[in-house]
Each structure stands twice: as structure tokens, then as C-alpha cells.
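My numbering applies: residue 4 is where the sequence shown begins, and numbers increase by one.
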Amino acid sequence: MALTTTAFDWVCTLVRKESAIVLEKGKEYLVESRLVPLARAAGASDVSAYVDGIRLRPDRRAQTAIVEALTTNETSWFRDGAPFQAFSTSVVPTLKQARAATRSLRIWSAASSTGQEAYSLAISLQDSLIAEGWRAEIIGTDLSSEVLEKAKAGRYSQLDMNRGLPAPMLVRHFTRVGTQWQVNDDIKRMVRFQQLNLTSSYAALGQFDVVFLRNVLIYFDLETKRDILSRVRKVLKPGGYMFLGGAETTLGVDENWDRELIGRVSVHRPKNGGQA
Numbered sequence: 004m005a006l007t008t009t010a011f012d013w014v015c016t017l018v019r020k021e022s023a024i025v026l027e028k029g030k031e032y033l034v035e036s037r038l039v040p041l042a043r044a045a046g047a048s049d050v051s052a053y054v055d056g057i058r059l060r061p062d063r064r065a066q067t068a069i070v071e072a073l074t075t076n077e078t079s080w081f082r083d084g085a086p087f088q089a090f091s092t093s094v095v096p097t098l099k100q101a102r103a104a105t106r107s108l109r110i111w112s113a114a115s116s117t118g119q120e121a122y123s124l125a126i127s128l129q130d131s132l133i134a135e136g137w138r139a140e141i142i143g144t145d146l147s148s149e150v151l152e153k154a155k156a157g158r159y160s161q162l163d164m165n166r167g168l169p170a171p172m173l174v175r176h177f178t179r180v181g182t183q184w185q186v187n188d189d190i191k192r193m194v195r196f197q198q199l200n201l202t203s204s205y206a207a208l209g210q211f212d213v214v215f216l217r218n219v220l221i222y223f224d225l226e227t228k229r230d231i232l233s234r235v236r237k238v239l240k241p242g243g244y245m246f247l248g249g250a251e252t253t254l255g256v257d258e259n260w261d262r263e264l265i266g267r268v269s270v271h272r273p274k275n276g277g278q279a
């Protein structure tokens, strides 16, 4: 049986309340496909029956599982390529000059999912920064505790590795463990993961030189986008950079950002240099 309107509307309300992510009409198939494994594990006859059971008899753990199933985003190594090239060839050299006194960079991978983006950034910095005696700290955050556990473990299947990781990097930065690949300690030491809802406070995160906020704003309504972008500006150090996804922009959302084109990539910097 197809997902009922009642079940779909309840799921949409739950996800929006817990994560601020908006699931619009037309996403019924996505909701149903993401929840099928949960329904089967619970022994429900179908997804609507599974959702109705939780709707009528609230279960906090089951509600959390539903939200996590619907907020787990697509990811891969060096996703889309060009942003990482801009990061390595332009942003890092510029920051090396600006941060020469501290010889340290902090980077935030927001909505880091299973960790590929954060580890890709660490790999990018290994030769250009760490080998020269600099320090780098990369913080990866996500709403889902399930994906964060995989990110913290730093262990991936061959299928995961085939999604964007060049063979020379695989051999150099990972170790084969049975049928899986484990990220090496020199890369893993640069990265720390923690749970964070992007609609909650960022105060405990500290300040960053670069924020990767890619492919996540598209899921929020306009008010939430403005709030997130405003608070990201406050955690960026003066002269810092923000990367958005290819389909995302600050235009018409938050006009307190300047756009700078690096190759084919638009990077964003707070106007007037940003806040201290």
C-alpha cells in the first residue's frame, strides 16, 4: 500500500520539528523508500502501518530513527571536485599568508554525514600544510548519530572507496582491513566528529578559518537559511571562507556575504572582513 497522506504529513511535521528540514509534497516516494528498512525491522506490514503505530503510541527512539533515516545525505570523496581544487590551490595558500603567526587552521565540515568530506579535507592538507609543520583541526558535525559512528570509525567498504577517491590516495592514506579500508592515523588525528543540529547553538564549536556548508541549505526554508548563514558568519574568523553546494547561494537570503569566484567555484566571505 502506498504511503497514506496522514502518515506522510506526520513524518514531515516530525522531521521539520526535529531538524528544520522541509519535506514537500512529491517526496512521498523518498519518505517511503527511506523508511522501508525500519518498517521491516519492526515487523510492520508496510511503512504507513509502521508510522501510524509510532504516531498513535509515541516512541522517542523510533522517532529519532525516522528523523535520522530522512536526514542522511549523499556524500562521496572530494565531492564535485572543483571546490576541493579551489580549497587547495587558492584558499589554503591565501590563509597560509594570513595565519603565518599561528601556523594553524581550523575547518568545519557541517553536515559531514559518514565523514568523507572531512577526511578529504585532511588528505588535501597533508602535503600542503602538515608537512610544513602547520597544525590543522577539522571538525565534522551531523545531526545523525548513526552516520557519525561510521565517520568516527573511519572504516569504509570498497564500494565507498570507489566513489571519488583516486587510487594513489587510497594506497597512501588507507590500510586494508579484511574487506574494508581504514583511514590512517596521520589523517584521522586531524579530524574530530560530534553531533550537532544546525538550528542549535554553535557557541561550543569555536572559530573557524573555513566552513564547508555544502548541499544542506537546500533542505531548509528561507527563514532557517538566513538564521544559519547569520550564525556561520559569527564563527568565521576575519578573512575566513565559506563553501556552499553548487545549487546553493547567499543571494536573496543573506546579503552580508561577498562572493569570490575561484575557477568555476563561488566561495563566500563575510562583508567588511567578518567578525573577530
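Built from N, CA and C at the ideal position, the CB exists for glycine as well.
Query, Result
"Backbone CA spacing between P241 and P40 [nearest angstrom]", "46 Å"
"Through-space distance from G243 to P273, alpha-carbon basis", "8 Å"
"Of the residues A65, F223 and W260, the one placed nearest L26, counting alpha carbons only", "F223"
"Residue burial classification, N218 (beta-carbon count within 10 angstroms, cutoff 16)", "buried"
"Pairwise C-alpha distance: L38 and A44", "10 Å"
"Rounded separation between S123 and V213 - CA only", "14 Å"
"Beta-carbon separation (whole angstroms), S115 vs G143, contact threshold 8 Å", "3 Å"
"Residues bridged to A68 [DSSP beta-bridge criterion]", "Answer is none; A68 lacks a bridge partner."
"Opening and closing residue of the alpha helix (DSSP H) in which G56 lies", "V50 to L59"
"Own chain, CB closer than 6 Å to R158, minus 5 neighbours either side, in chain order", "Q183 and Q185"
"One or two residues paired with S160 in a DSSP bridge", "Q183"
"Boundaries (first-last residue) of the beta strand (DSSP E) holding Y244", "L239 to L247"
"Neighbour-count burial assignment, D163, 16 or more Cβ in a 10 Å radius", "buried"
"Residues that DSSP places opposite D261 in a beta bridge", "R272"
"Residue from D83, A134 and V70 with nearest C-alpha to G167", "D83"
"Length of the line joining the Cα atoms of S10 and G136", "Note that residue 10 is Ala in the sequence shown here, rather than Ser. Roughly 55 Å between the two C-alpha positions."
"DSSP three-state assignment for A250, whether helix, strand or coil", "coil"
"Other residues of its chain near A47: CB distance less than 6 Å, five sequence neighbours each side excluded", "Y53"
"CB-CB length for I57 against Q129, believed under 8 Å", "No, I57 and Q129 are not in contact; Cβ-Cβ is about 45 Å, not under 8 Å."
"Start and end residues, alpha helix (DSSP H) containing R19", "T8 to S22"
"Span separating the alpha-carbon of V180 from that of T117", "18 Å"
"Best match in V50, N275, T8 and A154 for proximity to I69 [C-alpha to C-alpha]", "V50"
"Continuous alpha helix (DSSP H) assignments of at least 4 residues falling wholly in the region 72-97", "85-89"
"Option nearest M245 by Cα separation, candidates W111, A156 and P61", "W111"
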